[in-house]
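Listed in order, the protein sequences are those of chains B and E. For what it's worth, the working numbering labels the leading residue of the first sequence as 132, then goes sequentially. For what it's worth, the working numbering labels the leading residue of the second sequence as 171, then goes sequentially. Below is one structure, written out as structure tokens; the observations come after it.
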Amino acid sequence: MNVRRTLLAATVALLTLPGVAMAATRIVSLGGDVTETIYAIHAQDQLAAVDSTSTWPEAARTLPDVGYVRQLSAEGVLALRPDLILATHDAGPPTAMEQIRGAGVRIETLPASRSPEDIEAKIRQIGELTGHPKEADALANDVAARFAALAKSVAAMANHPRAVYLMSAGHGSPMAAGHDTAADRAITLAGGVNAAAEVPGYKAVSPEALVAMKPDAILLMKEQEQAVGGIDGVLRMPGIVDTPAGKAKRIYFVEGQALLGFGPRTAENAAALQARWAHP
Amino acid sequence: MNSVAASLPRRRASRQALLGALALLLLATATWSLTRGAMAISPGDVAGALLRWLTGAPARGDDQIILGLRLPRLLLATMVGAALATGGGTMQGLFRNPLADPGLIGVSAGAALGAVGAIVLGSQSGSWLVAAFAFVGGLLATTLVFLIGRRRPGVANLLLAGVAINAIAMAGVGLLTYLANENQLRDLTYWSLGSLGGASWSRLGIVAPWIVLPLLLVPRAAVALNALLLGEGEAALLGFRPERLQPLLVALVALSVGASVAFTGVIGFVGLVVPHLLRMTCGPDHRFLLPASALGGATLLVAADALARTIVAPGELPIGVLTALVGGPFFLWLLLRRRAGEALS
Chain B
132 MNVRRTLLAA
142 TVALLTLPGV
152 AMAATRIVSL
162 GGDVTETIYA
172 IHAQDQLAAV
182 DSTSTWPEAA
192 RTLPDVGYVR
202 QLSAEGVLAL
212 RPDLILATHD
222 AGPPTAMEQI
232 RGAGVRIETL
242 PASRSPEDIE
252 AKIRQIGELT
262 GHPKEADALA
272 NDVAARFAAL
282 AKSVAAMANH
292 PRAVYLMSAG
302 HGSPMAAGHD
312 TAADRAITLA
322 GGVNAAAEVP
332 GYKAVSPEAL
342 VAMKPDAILL
352 MKEQEQAVGG
362 IDGVLRMPGI
372 VDTPAGKAKR
382 IYFVEGQALL
392 GFGPRTAENA
402 AALQARWAHP
Chain E
171 MNSVAASLPR
181 RRASRQALLG
191 ALALLLLATA
201 TWSLTRGAMA
211 ISPGDVAGAL
221 LRWLTGAPAR
231 GDDQIILGLR
241 LPRLLLATMV
251 GAALATGGGT
261 MQGLFRNPLA
271 DPGLIGVSAG
281 AALGAVGAIV
291 LGSQSGSWLV
301 AAFAFVGGLL
311 ATTLVFLIGR
321 RRPGVANLLL
331 AGVAINAIAM
341 AGVGLLTYLA
351 NENQLRDLTY
361 WSLGSLGGAS
371 WSRLGIVAPW
381 IVLPLLLVPR
391 AAVALNALLL
401 GEGEAALLGF
411 RPERLQPLLV
421 ALVALSVGAS
431 VAFTGVIGFV
441 GLVVPHLLRM
451 TCGPDHRFLL
461 PASALGGATL
471 LVAADALART
481 IVAPGELPIG
491 VLTALVGGPF
501 FLWLLLRRRA
511 GEALS
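See the structure below:
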């Protein structure tokens, strides 16, 4: 009786093997963009844990958190007994990644993405690795279509607003996003011109420098909207009122991670931003 | 400094009993730490893994976690804790100041400048580059402090040179922080909070001689440090030569602390407080204080690291946060329960 049942189970398992054997069932996702994609292609049942930058969707926060993506602990990750680690390009530190690899766990590192093509490739790659190529294909096509429509709208814009993205506003001098930042790429994608493009990375800027940048639009993180006191609060910050953006009250709160994560949500958030500043 | 005279004739037997107790405490803490971690591994399996390792039997199950991750980490914590606390005890003796710590001779700030420089200016923040730059930076800063400090006799001048070099190095760190991008900022923040997560056998092999050899040599200066407690002039009258003791001890501390900081980042508090604690409870005789500091520092760091990797598992807390968070209140409690009027050292 038992033998037959075992045999039957083994046969069933063998028959279904080609379909599921390749798909990892305990995935640790390192990076908010990776986690977003996994949820978007409905592969979340395979997730065992995420990192602390994986804040969307809400459900991801209920999974075990292995800590900040650049400061991982090898044993912490291994303790979840993953059979696959999907890591964003800057997951680390390198020693922890070496240790995890040394313990025989498969790590797939996804390339850095800063363009629509990169995002589509990343989605398809995650689809292959999780065994959801069809869903990933559909999502990638959807994202590609959104970016194509966005490019069309951008081409039709009469003028491209000079925009500056301010991070950690409210504590001392705000930090503006210069070139080589995700915000810089997002502004360009949405048809704007980064008014702070001269500085590299995120740099503290004085009120005077902010005025000199002559931004037509100022972007801040939606997460900070309450802390800075909304648009009125921003207008009270030194220098803002003397910029074209301040005078016209063109201050936009954007969803930080959705827009800047260069994951599946970037396309629609960039399009929403474009629509808002094209028709203020 | 009346307590010096009182404690010097302390019986050798009781001192050795105390050292033995401290060694046992370290052993117990180390054993406990091996069974702690994000991965649940029973003490039996830990013992099994160690046994298989020692007898050369093939590894099983989670042996790799114990032998490849926890054991090198435990050894690194032991060495670094010993180096920081012994360095602190030595500096406090050399400067005759209970507030001295190894940072005073510029080694920590120099290492920070080197490490942050490697993180910000390096093309890839490869961890070897960071460690190498930190080590060299620490030694360079200490050399500068020493060369400037020795232009006038006396230990006070060395201390002032240390203050100046520290300020310059930290200004350099500030400038590099300004130049850093967001990811580099995160990296350097975590570096300055310390972590033992990078421990591996190959790294251990490289760092061990730099830490252990100076540590073995430092206690040989214990009697001279005792004499120095009476004052530099008095020590010279007793036949010791403070001007020769200084460069030797500064170099030894710079080597062991520099190597520690290079591989783990800045771990505060251990160097200042462990020797202090031991002096408050057992007197200032360096023949006892230095080895006791080594054992006490190792115990504190091993315990702190075990907590660091379990409290927020599967994540990990920076260890510098824990040494101060665990050690600070305990130290305050000890300070407060002492009767008023007792000397600080």
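Each residue gets a CB set at the ideal place from its N, CA and C atoms; glycine is no exception.
Could you tell me how far apart the beta carbons of residue 485 of chain E and residue 198 of chain B are, in whole angstroms, since I believe they sit closer than 8 Å?
Your pair residue 485 of chain E and residue 198 of chain B checks out as a contact, with CB atoms roughly 3 Å apart and the cut at 8 Å.
Does residue 234 of chain B get closer than 7 Å to chain E when you measure Cβ to Cβ?
Yes, residue 234 of chain B lies at the interface with chain E (some Cβ there is under 7 Å from its Cβ).
In the DSSP assignment, find the unbroken beta strand (DSSP E) run with residue 190 of chain B in it and report its ends.
No beta strand (DSSP E) holds residue 190 of chain B; DSSP gives it neither H nor E.
Going by beta carbon distance, what residues of the same chain come within less than 7 Å of residue 314 of chain B, once the five residues before and after it are set aside?
Sequence-distant Cβ neighbours of residue 314 of chain B in its own chain, meaning closer than 7 Å and more than five residues away, are 296, 308 and 391.
CA-CA distance, residue 211 of chain B and residue 495 of chain E?
28 Å
Just verifying my parser: in three-state terms, what is the DSSP assignment at residue 157 of chain B?
coil
Residue 436 of chain E by DSSP, collapsed to three states: which one?
coil
Would you call the CB atoms of residue 379 of chain B and residue 321 of chain B closer than 7 Å?
no
Please classify residue 283 of chain B as buried or exposed, where buried requires at least 16 other C-beta atoms within 10 Å of its C-beta.
exposed
Does the beta-carbon distance from residue 430 of chain E to residue 255 of chain E come in below 7 Å?
no
Within-7 Å CB hit, residue 483 of chain E to chain B:
yes
With a floor of 4 residues, list each alpha helix (DSSP H) that falls wholly inside the stretch 333 to 405 of chain E, ordered by position along the chain.
352 to 363, 371 to 387 and 392 to 398
The beta strand (DSSP E) enclosing residue 219 of chain B, as first and last residue numbers
Per DSSP, residue 219 of chain B belongs to no beta strand (DSSP E) and is neither H nor E.
Would you mind giving the Cβ-Cβ distance between residue 384 of chain B and residue 344 of chain B, rounded to the nearest angstrom? I have them listed as a contact below 8 Å.
Contact annotation, residue 384 of chain B with residue 344 of chain B: C-beta distance approximately 19 Å; criterion of less than 8 Å not satisfied.
Can you tell which of E:270, E:372 and E:367 has the C-alpha that lies nearest to the C-alpha of residue 332 of chain E?
Between residue 332 of chain E and the set E:270, E:372 and E:367, the nearest pair of CA atoms involves E:270.
Where residue 409 of chain B falls: helix, strand or coil (DSSP):
helix
How would you write the range of the beta strand (DSSP E) that residue 238 of chain B sits in, first residue to last?
Per DSSP, residue 238 of chain B belongs to the beta strand (DSSP E) from 238 to 240.
Can you tell me where the beta strand (DSSP E) with residue 265 of chain E in it begins and where it stops?
Careful: residue 265 of chain E lies outside any beta strand (DSSP E) and carries neither H nor E.
At the 7 Å Cβ level, is residue 234 of chain E part of the contact set with chain B, yes or no?
yes
Classification of residue 186 of chain E by the beta-carbon crowding that lies within 10 angstroms, buried from 16 upward
exposed
Of all Cβ atoms in chain B, is any one closer than 7 Å to the Cβ of residue 477 of chain E?
no
Best match in E:287, E:508 and E:469 for proximity to residue 198 of chain E [C-alpha to C-alpha]
E:469
At least one CB of chain E closer than 7 Å to the CB of residue 201 of chain B: is that the case?
yes
Who does residue 308 of chain B pair with in a DSSP beta bridge?
B:333
Are three or more beta carbon pairs between the stretch 443 to 458 of chain E and the stretch 276 to 295 of chain E nearer than 8 Å?
No, the stretch 443 to 458 of chain E is not in contact with the stretch 276 to 295 of chain E.
Spell out whether any CB of chain A is found under 7 Å from the CB atom of residue 249 of chain E.
Looking for chain A here will not work: the only protein chains present are B and E.
Roughly how many angstroms lie between the CA atoms of residue 357 of chain E and residue 306 of chain E, to the nearest whole one?
19 Å
Residue 387 of chain B, buried or exposed, once every other Cβ within 10 Å from all chains shown has been counted against 16
buried
So with Cβ pairs under 7 Å, would you call residue 204 of chain B a contact of chain E?
yes
Around the C-beta of residue 263 of chain B, are 16 or more other C-beta atoms found within 10 angstroms, so that it is buried, or is it exposed?
buried
Helix, strand or coil at residue 151 of chain B [DSSP, three-state]
With a pLDDT of 48 at residue 151 of chain B, under the threshold of 50, the modelled position of this residue cannot be trusted, and the question is left open.
Once the 5 residues before and after residue 172 of chain E are set aside, which same chain residues still bring their CB inside 6 Å of it?
The pLDDT assigned to residue 172 of chain E is 48, lower than 50, so where the model puts this residue is not dependable; a value taken from the coordinates is nonetheless given after this. In the same chain as residue 172 of chain E, and ignoring 5 residues on each side of it, no C-beta atom comes closer than 6 Å to its own.
In terms of DSSP beta bridges, what is residue 272 of chain B paired with?
Per DSSP, none; premise fails for residue 272 of chain B.
Cβ of residue 207 of chain E within 7 Å of any chain B Cβ
yes
Rounding to the nearest angstrom, what Cα-Cα distance links residue 436 of chain E and residue 266 of chain B in this structure?
47 Å
From B:200, B:172, B:174 and B:258, pick the residue whose C-alpha is nearest to that of residue 181 of chain B; which is it?
B:200
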